[in-house]
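Chemist: Below are the structure tokens for one structure; questions will follow.
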Amino acid sequence: MEKQLLQTLDYEHVTLMDSPFLEQFRKMEDVYENLDNDSLLYNFRKRAGKTTPGRPLNGWYGRQSFNFGQFCGALAKIYRQTGKGEVKEKLFYLLEEWGACIEGDGYGFSPQKARYQEYIIAYEYEKLAGGLVDAWEYAGYPKAFFFLEKITDWFIAHSPSRDKNKLYLVEWYTIPENLYRAWWLSKNEKFKNAAERFEYMAFWENFLKEKFQTDKTKHAYSHVNSLCSAAQAYLVKEDEKYLAILKNAYQEITGRHIYSTGGYGPQEDMFGKDGYMGDSLKSAWDNTLTDALVRVRHDAQGSCEVSCCTWAAFKLCRYLMCLTGDARYGAWAEKLLYNGVLSLPPVTKDGKIMYYANYFLDGGIKSNLDRRYHGAPEAYDDLNVTYHYSWQCCTGTYPQAVAEYVNMIYFIRGGDLYVSQYMPSMLKEEVGGTQMTLTCKTRYPEEETVYYCISCESPVERTIYFRIPAWVKESPAVYVNGVKQTVEGRPGEWMPVSKTWRDQDTIMVKIGMPLYFEKIDNKNKDIVSLLYGPVVLVSDDLAAFCEDPDHVEEWIERVPGERLKFRTKPGAMEGIYDFETRDFVPYWSYPEGKWYFLYFWLH
Ligand SMILES: [Zn+2]
Numbered sequence: 001m002e003k004q005l006l007q008t009l010d011y012e013h014v015t016l017m018d019s020p021f022l023e024q025f026r027k028m029e030d031v032y033e034n035l036d037n038d039s040l041l042y043n044f045r046k047r048a049g050k051t052t053p054g055r056p057l058n059g060w061y062g063r064q065s066f067n068f069g070q071f072c073g074a075l076a077k078i079y080r081q082t083g084k085g086e087v088k089e090k091l092f093y094l095l096e097e098w099g100a101c102i103e104g105d106g107y108g109f110s111p112q113k114a115r116y117q118e119y120i121i122a123y124e125y126e127k128l129a130g131g132l133v134d135a136w137e138y139a140g141y142p143k144a145f146f147f148l149e150k151i152t153d154w155f156i157a158h159s160p161s162r163d164k165n166k167l168y169l170v171e172w173y174t175i176p177e178n179l180y181r182a183w184w185l186s187k188n189e190k191f192k193n194a195a196e197r198f199e200y201m202a203f204w205e206n207f208l209k210e211k212f213q214t215d216k217t218k219h220a221y222s223h224v225n226s227l228c229s230a231a232q233a234y235l236v237k238e239d240e241k242y243l244a245i246l247k248n249a250y251q252e253i254t255g256r257h258i259y260s261t262g263g264y265g266p267q268e269d270m271f272g273k274d275g276y277m278g279d280s281l282k283s284a285w286d287n288t289l290t291d292a293l294v295r296v297r298h299d300a301q302g303s304c305e306v307s308c309c310t311w312a313a314f315k316l317c318r319y320l321m322c323l324t325g326d327a328r329y330g331a332w333a334e335k336l337l338y339n340g341v342l343s344l345p346p347v348t349k350d351g352k353i354m355y356y357a358n359y360f361l362d363g364g365i366k367s368n369l370d371r372r373y374h375g376a377p378e379a380y381d382d383l384n385v386t387y388h389y390s391w392q393c394c395t396g397t398y399p400q401a402v403a404e405y406v407n408m409i410y411f412i413r414g415g416d417l418y419v420s421q422y423m424p425s426m427l428k429e430e431v432g433g434t435q436m437t438l439t440c441k442t443r444y445p446e447e448e449t450v451y452y453c454i455s456c457e458s459p460v461e462r463t464i465y466f467r468i469p470a471w472v473k474e475s476p477a478v479y480v481n482g483v484k485q486t487v488e489g490r491p492g493e494w495m496p497v498s499k500t501w502r503d504q505d506t507i508m509v510k511i512g513m514p515l516y517f518e519k520i521d522n523k524n525k526d527i528v529s530l531l532y533g534p535v536v537l538v539s540d541d542l543a544a545f546c547e548d549p550d551h552v553e554e555w556i557e558r559v560p561g562e563r564l565k566f567r568t569k570p571g572a573m574e575g576i577y578d579f580e581t582r583d584f585v586p587y588w589s590y591p592e593g594k595w596y597f598l599y600f601w602l603h
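Its first residue numbered 1, the sequence shown is counted upward by one per residue in full-length UniProt numbering.
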């Protein structure tokens with residue numbers, strides 16, 4: 001993979017330290033490591049005519065075990081970063097038992113063979129392929145490619161159409177990424193050929209046009225995820241057009257199709273007409289609607305399918321950062337770190353997850369209740385169990401997104417180190433034959449200061465690059481062993497700090513956080529969200545502001561003595577008494593079941 005300028009540490013060498021991220025990781029681990037094996041295998045065993053101890057999981061998984069591969073992939077990454085033997089054992093057991101249910105013709109999928117082989121099998125196949133490749137790459141599961149070849153043979157033989165652009169297969173265009181990964185690891189041409197067949201040029205080429213355009217709106221998460229397939233295609237084929245697609249896609253998407261949280265895809269749709277992002281926040285009766293809506297707003301659906309969208313964007317940012325070495329690609333990942341996945345309530349042991357985040361102007365609440373199809377006859381299976389409220393797709397991507405944290409903090413190039421995210425963590429690696437440990441302590445972004453401590457057996461010469469967020473107003477200050485350094489950090493770039501590092505050296509980086517508004521889109525410039533550095537702030541009440549939006553710091557102040565809380569000065573809002581004020585706190589720490597407001601009108 002010579003095309004990569006930066007490399008990740010592949011879920012190794014980095015440990016999360018005390019922080020909300022670690023807390024979230026531990027809760028996630030607890031749920032997924034303790035999932036009942038018999039429940040996970042129930043459908044596969046039933047289809048294969050084997051005995052089925054235990055009971056199926058409730059919800060979506062109980063009907064179609066589509067996320068089996070994703071659970072396996074998450075376990076592989078958890079094992080890689082924690083080294084827990086019992087996690088590896090569980091993963092191997094699940095795959096052995098699943099593999100024993102693969103039929104003679106290679107069918108290894110969910111039970112409803114006849115109905116699904118022409119429709120949704122691509123969806124399940126892609127997830128199984130990902131899980132198997134992860135199991136091989138991160139846990140060394142020896143039969144991964146043996147099984148992958150079997151199900152690939154079946155899948156290719158049964159794909160209904162030879163014309164890849166007309167395939168009526170759900171999300172078929174996400175397939176190449178994992179098959180190209182399989183090819184890198186096995187060099188089996190079968191995987192490469194299959195990957196090539198499912199490349200999504202008809203969509204990707206839109207990003208090569210002078211002005212991006214699609215014929216109609218697209219399913220949000222899976223289309224962003226499909227770009228990760230373009231990234232793998234670039235690595236394998238080294239054709240520069242794929243890289244141009246990726247760079248332009250990042251520019252287009254982050255410029256026009258994301259909320260201030262980094263989330264995207266109102267009601268799971270994206271690439272609407274100018275103004276659709278702003279319209280997606282309005283109520284159906286709002287007379288400022290610009291007729292750009294993707295769909296009529298439906299209260300059971302929300303602004304962003306958080307887990308799936310975060311996972312896809314994390315990967316895309318990672319590919320772009322590795323391929324280009326450009327610091328700017330850490331920005332979207334940073335938004336989603338704090339305001340996407342960290343903002344979710346934990347997944348419960350019975351598979352309930354906050355599927356949608358709501359950013360509506362008339363408010364939203366965080367809730368693990370997925371309200372989409374309750375009561376609809378098609379939501380009940382033959383056991384009369386409704387299948388939409390739990391163990392949905394997002395429960396497959398949630399553990400992957402959380403397991404990704406350790407993989408997005410540090411990148412390396414030769415002996416040099418690139419720090420992309422400021423998260424409490426410990427990095428232990430060998431640099432030029434010497435063990436070096438870098439410990440990061442911080443309460444960033446609640447505090448502006450990030451501390452690093454180095455320990456090494458002998459001096460290490462290397463440059464440490466720090467990613468400077470695009471929102472900084474002035475160059476961060478850097479102190480090495482308490483001495484201020486003459487380095488300059490420009491927004492969206494790397495700030496290099498070079499030295500021969502010795503044991504007990506310290507680095508302190510101080511990143512000033514501005515308070516600012518971000519508008520939703522150019523057709524709705526008067527709809528804004530309030531941010532402090534990377535953190536989206538919410539209030540528990542509506543507000544329409546009438547003060548100068550470009551100098552927020554003059555009329556919204558930090559509340560002293562509170563962790564991270566801001567308050568408007570009296571008289572800053574319309575339609576309420578002058579003495580009334582509004583408090584703002586981080587969206588990520590906002591509790592479940594309580595109304596919040598994340599977008600506001602400027603008057
Ligand atoms: Zn989902």
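Even for Gly, the Cβ is constructed at its ideal location relative to N, Cα and C.
Quick check: what's the CA-CA separation for Y465 versus I507?
Modeler: Your numbering for residue 465 matches position 465 in the sequence shown. Your numbering for residue 507 matches position 507 in the sequence shown. Approximately 12 Å, taken between the alpha carbons.
Chemist: Report buried or exposed for R45, applying the criterion of at least 16 other Cβ atoms within 10 angstroms of its Cβ.
Modeler: For the purposes of this step, residue 45 is taken as residue 45 along the sequence shown, with counting starting at 1. By the neighbour-count rule (16 or more Cβ atoms within 10 Å), R45 is buried.
Chemist: Report the residue from E557, T442 and F545 whose alpha carbon sits nearest the alpha carbon of Y577.
Modeler: Position 577 of the sequence shown, counted from the first residue, corresponds to residue 577. With distances taken between Cα atoms, Y577 lies closest to F545.
Chemist: Under 8 Å: does the beta carbon of T52 sit that close to some heavy atom of ligand 1?
Modeler: Translated into the one-based positions of the sequence shown, residue 52 becomes position 52. Checking the Cβ of T52 against ligand 1 gives no.
Chemist: Tell me whether F545 sits in a helix, a strand or coil according to DSSP, three-state version.
Modeler: For the purposes of this step, residue 545 is taken as the residue at position 545 of the sequence shown. Here F545 sits in strand by DSSP.
Chemist: In this structure, how does DSSP classify K46 when only helix, strand and coil are distinguished?
Modeler: As a position in the sequence shown, residue 46 is number 46, starting the count at 1. The answer is helix: DSSP assigns K46 an H, G or I state.
Chemist: Helix, strand or coil: which one does DSSP assign to R197?
Modeler: Within the sequence shown, residue 197 is the residue found at index 197, counting from 1. Correct three-state label for R197: helix.
Chemist: Between Y242 and the rest of its own chain, which residues show a CB-CB distance below 6 Å, the 5 nearest in sequence each way excluded?
Modeler: The residue you call residue 242 lines up with position 242 of the sequence shown. For Y242, where only same-chain residues beyond five positions count, the Cβ hits under 6 Å are A230, A233 and Y234.
Chemist: Hey, is the stretch 53 to 68 in contact with the stretch 351 to 367, meaning 3+ C-beta pairs nearer than 8 Å?
Modeler: yes
Chemist: Tell me which same chain residues have a C-beta within less than 7 Å of the C-beta of W204, skipping the five on either side of it?
Modeler: Counted from its first residue, the sequence shown places residue 204 at position 204. Counting only Cβ-Cβ distances below 7 Å, and skipping sequence neighbours, we find A230 and I245.
Chemist: Identify every residue that forms a DSSP beta bridge with A357.
Modeler: The sequence position of residue 357 within the sequence shown is 357, counting from 1. DSSP output for A357 lists C304 as bridge partner(s).
Chemist: Considering Cα atoms alone, identify which of K84, K50 and E12 is closest to T30.
Modeler: Start at 1 with the first residue of the sequence shown, and residue 30 comes out as number 30. In the sequence as displayed, the identity of residue 30 is Asp instead of Thr. It is K84.
Chemist: State the Cα-Cα distance for the pair T261 and L337, rounded to the nearest angstrom.
Modeler: The residue given as residue 261 occupies position 261 in the sequence shown. The residue given as residue 337 occupies position 337 in the sequence shown. Looking at the two C-alpha atoms, the distance is approximately 9 Å.
Chemist: Residues near ligand 1, CB to any non-hydrogen atom under 7 Å, in chain order?
Modeler: Answer in sequence order: Y221, E305, S307, C308, Y355, Q392, C393, C394 and T397.
Chemist: Starting from the C-beta of D36, find all residues in its chain whose C-beta is less than 7 Å away, skip the five residues before and the five after it, and write them out in chain order.
Modeler: Mapped onto the sequence shown, residue 36 falls at position 36. Closer than 7 Å at Cβ, skipping near neighbours: G54.
Chemist: Would you report the Cα separation of V450 and W555, rounded to the nearest angstrom?
Modeler: The sequence position of residue 450 within the sequence shown is 450, counting from 1. The sequence position of residue 555 within the sequence shown is 555, counting from 1. Approximately 28 Å between the Cα atoms of the pair.
Chemist: Use the C-beta contact count for D279: other C-beta atoms within 10 angstroms, 16 or more gives buried, fewer gives exposed.
Modeler: The residue labelled residue 279 in the question sits at position 279 within the sequence shown. Buried, by the Cβ-count rule.
Chemist: Would you kindly report the start and end of the unbroken beta strand (DSSP E) that includes C101?
Modeler: Within the sequence shown, residue 101 is the residue found at index 101, counting from 1. Premise fails: C101 is in no beta strand (DSSP E) and is neither H nor E.
Chemist: What is the rounded straight-line gap between the Cα of K441 and the Cα of Y180?
Modeler: By one-based count along the sequence shown, residue 441 stands at place 441. By one-based count along the sequence shown, residue 180 stands at place 180. Computed Cα separation, rounded: 37 Å.
Chemist: Give the secondary structure of E210 by DSSP, where H, G and I count as helix, E and B as strand, and everything else as coil.
Modeler: Looking up residue 210 in the sequence shown gives position 210. Secondary structure of E210 (DSSP, three-state): coil.
Chemist: Taking just the CA atoms, how far does Y79 sit from F198?
Modeler: Taking the first residue of the sequence shown as 1, we reach residue 198 at position 198. Taking the first residue of the sequence shown as 1, we reach residue 79 at position 79. Rounded to the nearest angstrom, the two C-alpha atoms are 31 Å apart.
Chemist: Rounded to whole angstroms, what's the CA-CA distance from K519 to I527? Just pull it up for me.
Modeler: Stepping through the sequence shown from its first residue, residue 519 is reached at position 519. Stepping through the sequence shown from its first residue, residue 527 is reached at position 527. When the Cα atoms are used, K519 and I527 turn out to be separated by approximately 6 Å.
Chemist: With a threshold of 8 Å, are at least 3 pairs of Cβ atoms found where one atom belongs to the stretch 521 to 536 and the other to the stretch 582 to 601?
Modeler: Touching, yes.
Chemist: Going by DSSP in three states, I556 sits in which element: helix, strand or coil?
Modeler: If you number the sequence shown from 1, residue 556 lands on position 556. Strand, per DSSP.
Chemist: Would you say the stretch 489 to 504 touches the stretch 450 to 464, given that touching needs at least three Cβ pairs under 8 Å?
Modeler: yes
Chemist: Contact defined as beta carbons within less than 8 Å: I believe Q4 pairs with C322. What is the distance between those atoms, to the nearest angstrom?
Modeler: Here residue 4 is taken as the residue at index 4 of the sequence shown, counted from 1. Here residue 322 is taken as the residue at index 322 of the sequence shown, counted from 1. With 8 Å as the limit, Q4 and C322 qualify as a contact, their Cβ atoms being about 5 Å apart.
Chemist: Tell me, which residues are paired with T581 by DSSP?
Modeler: Here residue 581 corresponds to residue number 581 of the sequence shown, with the count starting at 1. According to DSSP, T581 bridges with nothing at all.
Chemist: Can you give, in chain order, each stretch of the alpha helix (DSSP H) that sits fully within the stretch 12 to 92 and has at least 4 residues?
Modeler: 20 to 33, 37 to 47, 59 to 63 and 68 to 82
Chemist: Count the C-beta pairs between the stretch 414 to 425 and the stretch 461 to 477 that are closer than 8 Å, then say yes if the count reaches three, no if not.
Modeler: yes
Chemist: If distances are taken between C-alpha atoms only, which option among R582, D541 and D540 comes closest to E557?
Modeler: Taking the sequence shown and counting its residues from 1, the one referred to as residue 557 is at position 557. Checking every option, the nearest Cα to that of E557 belongs to R582.
Chemist: For T15, which residues of its own chain have a beta-carbon under 6 Å away from its beta-carbon, when the five flanking residues on both sides are left out?
Modeler: Counted from its first residue, the sequence shown places residue 15 at position 15. These residues qualify, in order along the chain: M426.
Chemist: Apart from the five residues just before and just after K273, which ones in its own chain have a Cβ nearer than 6 Å to its Cβ?
Modeler: Working through the sequence shown from its first residue, we reach residue 273 at position 273. Same-chain partners within the cutoff: A292.
Chemist: Identify, in the order they occur along the chain, each residue of the same chain with its Cβ nearer than 7 Å to the Cβ of E446, setting aside the five sequence neighbours on each side.
Modeler: The residue given as residue 446 occupies position 446 in the sequence shown. Excluding sequence neighbours, E446 sits near R563 and L564.
Chemist: Are there 16 or more other CB atoms within 10 angstroms of the CB of N165, so buried, or fewer, so exposed?
Modeler: Along the sequence shown, one-based indexing puts residue 165 at 165. The pLDDT assigned to N165 is 47, lower than 50, so where the model puts this residue is not dependable; a value taken from the coordinates is nonetheless given after this. The residue is exposed, with fewer than 16 neighbouring Cβ atoms inside 10 Å.
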